[in-house]
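Asks:
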Amino acid sequence: MTNWVFHESDPMGGAAGEAYANTLKSPGMQPEHVLAREAIQNSVDAGLGAPKVTVRFRQRSLKGKAKTEFVRAAELSGQAVRSEALELPSPNCLETLDVPSKSLELLYVEDYEAEGLSGDPHDKGSNFYRLLLSLGDRSKARTEKGTGGSYGFGKSVYSSSSAIQTIFAYTRFKGEDGVEKTRLFGCGYYKSHEYRGNSYSGRAWLGTSKRQDEQGRTIVDPLEDKKADNLAAKLGFPLRGEGETGTTILIVDASVNLSDIITGVEDWWWPRLIEHKLDVEAIDASGQVFVPRPRRNEQLRPFIDSFEIARGVATPKTGMQKLNPLNRLGELNLGTCGFVVSPLNAQGSPIVRADRCNTVALIRAPLMVVAYKPFSETAPVVVGAFIGSEDIDLVLKKSEPPAHDRWDPDSQNLRDVDGAGKDVVNAVLSRVKAGLKRFQSEAAPPAPAKQKRLSILERALGSYFRPTGTGAKPPPDPASSLVHLEFSKQPHATATPDGQLQLTSSFKVFLDAKADDEPVKLRVRVSCPVLEDEGQEGDDLNLTIKVTGVDAEPDPEDHRLFRFTMTKGDKAHFGIQSESYDPAWTVRLRPEIDDEAVA
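The structure is reproduced here in structure tokens:
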């Protein structure tokens, strides 16, 4: 017989059930992204050393007879009768269990080529115990390199994704005798509560009938083998055959958006995906399949380029990309950075998301992006990828909080006599920041030459704006000129698809508010010379120049020269784009109003 067993409160206390569900409920990112991060991390940690782990998110929506049969098999009436005491958020499926026309949403998270929930279910060192029965056991985080978490808190992502904080786990694993076995177990993680005069911790389990151990403590064992498979089939699990080791978690009453899960997989697991060490797919209730395609995600492309530079599988392009190994800390190899200047989109903005400009993707052994860490607020926009070395993987892992979303040098898990762990994390963050800012400085185009305001132009404009009266007036100080040139977009070099560079910029010319109302005839020339040794100017690049706001006439013999007439209030807008040029070159944009500007 299977039924739900609610754990009576221990006189010595213990964690309430809701503690298992609440740990990752508010980590500062979209819930589907948290699910994608943590569920895959649990599966990757349970990998058997196979070339890759496969993870599948599968939705089902039940109505009518199918819903009724599922509710009966899952024994959800056990939660429904005490739903008022559980104080679950509304709406939830317990409110409409007896309404067949109201759909019940299920999400199955399946992994394959993984170890499964092996070991004695009540041995605190077993995979089964760590995932389903313990909270905050970070022993793996303190002792094992190369893993993402420890089953300490990552499990909470499943129950927190359920509106009724209820999950089922169905697993196939190889026992100590080499024989494969299956197990099924239900878990509920609720608030502590009173019910019919008894006090309960909020933890509940569905398995075999409860028994007492020698100390009189309640024990609930999982269903195994044929019994497990029979109930799994009734709950909609795909049954696992010989060799299909791994685990499926069923999240009951899961209202999640599969496309957001796929976006989360792309955002956080692209390093492992492009290394062909992870396969992920999502299948909605209609059978439509979604798969992550990080290389087609334009916003991720600069990070992927940075990662491949850091990995040594791509050669950085001079001026726009850089390989930056971090200096060693004593005998420790810290890791390697790759940096890339972000290309611009058609509107002239960086293609990366605004909140990821000048950030570095922090990555270690599991190949999940821990965080997109910002390191600068200046231009040009640069992004990067840092890959921590094996030497410091355990230190970085210990520095991560339960959500695994940053490397914290002040983490309590790093406390040691000489502060070595803290020094490692501080060294990584400070050297990545220094490397990014240094590359920004190297990649920035030289500042435009100061605009020439020649004396003949100044004297001519002075004659237009000189007040009436007797006696000659001195020419105005050039600094107080009534003609202004102002950059709307500073000169900026961006990469072209063929690996060359292209300079773009825009500026406007206008008259000062103090100018007279008389029209002024101006001539503006824009050049873009290549700087040679010792700063000498060489050949000019060809420019595409668009002028709006005034009726500008291009010179028939010099495409860089424009003549126009303007009055106070007019603005001449110049948009500039250079021809492609070698990334090794340094160029300078030079806009000029020359001494023949006034007719």
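All residue numbers for the sequence shown refer to my numbering, where the first residue is 3 and numbers rise by one. Heads up, the beta-carbon is just placed ideally off N, CA and C, and yes, glycines get one too.
Roughly how many angstroms separate the alpha carbons of Lys375 and Tyr202, rounded to a whole number?
Replies: About 42 Å.
Asks: Starting from Ala171, trace the beta strand (DSSP E) both ways and give me its first and last residue.
Replies: Here the beta strand (DSSP E) through Ala171 covers 168-176.
Asks: For Gly66, tell me which candidate among Glu77, Leu99, Ala52 has the shortest Cα-Cα distance.
Replies: Comparing Cα positions, the closest option is Leu99.
Asks: For Ser11, I'd like the list of residues in its chain whose CB is within less than 8 Å of its CB, leaving aside the five on either flank, ordered along the chain.
Replies: Ser194, Ser201, Tyr202, Ser203, listed in sequence order.
Asks: Check the C-beta distance from Arg433 over to Asn329 and give it rounded, since I have them as a contact under 8 Å.
Replies: Right, the Cβ-Cβ distance comes to about 7 Å (below 8 Å), so this counts as a contact.
Asks: Spell out the partners DSSP gives His575 in its beta bridges.
Replies: In the DSSP output, where bridge partners are listed per residue, His575 has Lys510, Thr550.
Asks: Taking Arg62 as part of the beta strand (DSSP E), name the residues at either end of that continuous run.
Replies: Per DSSP, Arg62 belongs to the beta strand (DSSP E) from 55-64.
Asks: By the three-class DSSP mapping on this structure, what secondary structure does Ile311 have?
Replies: Residue state, collapsed to three classes: helix.
Asks: Could you please give the first and the last residue of the uninterrupted alpha helix (DSSP H) stretch that includes Arg440?
Replies: Arg440 -> alpha helix (DSSP H) spans 422-445.
Asks: Along the beta strand (DSSP E) that carries Lys523, what are the first and last residues, could you check?
Replies: 522-529 is the span of the beta strand (DSSP E), which, as asked, contains Lys523.
Asks: Given a cut-off of 8 Å, decide if Ala574 and Arg565 are closer than it, judged by their beta-carbon atoms.
Replies: In this structure, Ala574 does not lie closer than 8 Å to Arg565 by Cβ.
Asks: Should Lys399 go down as buried or exposed, given a rule of 16 or more other Cβ atoms within 10 Å for buried?
Replies: Buried, because 16 or more other Cβ atoms sit within 10 Å of the Cβ of Lys399.
Asks: Let me know if Ala52 comes out buried or exposed under the rule of 16 or more other beta-carbons within 10 Å of its beta-carbon.
Replies: Ala52 comes out exposed.
Asks: Considering only the alpha carbon of each residue, which of Val342, Ser79, Glu244, Gly289 lies closest to Ile306?
Replies: Checking every option, the nearest Cα to that of Ile306 belongs to Val342.
Asks: Taking 8 Å as the threshold (C-beta atoms), are Gly577 and Ser529 in contact?
Replies: The answer is no: Cβ separation not under 8 Å.
Asks: Distance check for Asp395 and His35, CA to CA, integer angstroms please.
Replies: For His35 and Asp395, the distance between alpha carbons rounds to 23 Å.
Asks: Can you confirm whether the segment 114-132 touches the segment 245-259 when touching is taken to mean that 3 or more C-beta pairs between the two stretches lie within less than 8 Å?
Replies: Yes, the segment 245-259 touches the segment 114-132.
Asks: Please determine, among Leu280, Thr265, Val55, Ser261, the residue with the shortest C-alpha to C-alpha distance to Ala287.
Replies: When only C-alpha atoms are compared, the closest one is Ser261.
Asks: If you check the beta carbons only, do Gln81 and Leu64 fall under 8 Å apart?
Replies: Not a contact, by the Cβ cut-off of 8 Å.
Asks: State the Cα-Cα distance for the pair Ser582 and Ala422, rounded to the nearest angstrom.
Replies: Cα to Cα, Ser582 sits roughly 49 Å from Ala422.
Asks: Taking the runs of the beta strand (DSSP E) that are 3 residues or longer, which of them lie wholly in the segment 376-401?
Replies: Taking only runs of at least 3 residues, the beta strand (DSSP E) segments lying wholly in the segment 376-401 are 384-390.
Asks: Provide the residue span of the alpha helix (DSSP H) that contains His35, from first to last.
Replies: From DSSP, the alpha helix (DSSP H) with His35 extends over 33-47.
Asks: Start and end of the alpha helix (DSSP H) containing Leu260?
Replies: First-last of the alpha helix (DSSP H) with Leu260: 260-276.
Asks: Quick one: give me the first and last residue of the beta strand (DSSP E) that Phe564 is part of.
Replies: Unbroken beta strand (DSSP E) run through Phe564: 560-568.
Asks: Where Ala230 and Arg242 are concerned, what is the direct C-alpha to C-alpha distance, given to the nearest angstrom?
Replies: Their Cα atoms are separated by approximately 11 Å.
Asks: Using the C-alpha atoms, what's the distance from Pro273 back to Gly218?
Replies: Approximately 49 Å, taken between the alpha carbons.
Asks: With 16 other CB atoms within 10 Å as the buried threshold, where does Thr498 fall?
Replies: Exposed, because fewer than 16 other Cβ atoms sit within 10 Å of the Cβ of Thr498.
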